[in-house]
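Enquirer: With this note's numbering as the guide, the letters of the sequence shown map in order to residues 18 to 118.
Attaching a single structure in structure tokens format; questions to follow.
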Amino acid sequence: MAGLTLLAVAMGWLSFVRPDGSFWVDVLPASLLAALGMSLAFIPSLGTAISAAPPEDGGLASGIVNVSYQVGSALGLAVVTIRGNRSAAPTDADPAEKVTA
């Protein structure tokens, strides 16, 4: 549970990074916190899922867990991207308005 909490905090932190922010202050610490959270959450859950499955279904269990991680990561990235897009300056919303014919 601590790993998922750390990961959620890191994703929240990353969702508030501004375009003029610093990599060293805004992005790197949040990314390291996310990596720690993923390690604390995903490695034990992968071990639990595989050990709970019968030996002949170990590969299937591993595949299901890994697909779940990938889909969850894609959905999380989509949410963070939407949040970032909504916080952009209004002048950045439609680049076509800046083009003259």
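We treat Cβ as the ideally placed atom computed from N, Cα and C, and that holds for glycine.
(1) When you compare each of THR22, ASP37, LEU23 to GLY101 by their alpha carbons, which one comes out closest?
(2) Between the Cα of PRO46 and the Cα atoms of SER62, GLY29, GLU114, which residue gives the shortest distance?
(3) Could you tell me the distance, in whole angstroms, from the CA atom of PRO3 to the CA atom of LEU92?
(4) So for ALA69, helix, strand or coil by DSSP?
(5) Which first and last residues belong to the alpha helix (DSSP H) in which ARG103 is found?
(6) Do the CB positions of LEU31 and ALA51 come within less than 9 Å of each other?
(7) Please give me, in chain order, every unbroken run of the beta strand (DSSP E) with length at least 3 that falls completely inside the stretch 29-65.
Expert: Let me lay it out:
(1) By one-based count along the sequence shown, residue 101 stands at place 84. The shortest Cα separation from GLY101 among THR22, ASP37, LEU23 belongs to ASP37.
(2) Position 29 of the sequence shown, counted from the start, is the residue given in the question as residue 46. Comparing Cα positions, the closest option is GLY29.
(3) Only positions 18 to 118 of the chain appear in this structure, which leaves residue 3 out of reach.
(4) As a working mapping, residue 69 is identified with position 52 in the sequence shown. If DSSP states are grouped into helix, strand and coil, ALA69 belongs with the helices.
(5) Indexing the sequence shown from 1 puts residue 103 at position 86. Its alpha helix (DSSP H) spans residues 75-103.
(6) One-based indexing of the sequence shown puts residue 31 at position 14. One-based indexing of the sequence shown puts residue 51 at position 34. Yes; because the gap between Cβ atoms is below 9 Å, this pair is in contact.
(7) none
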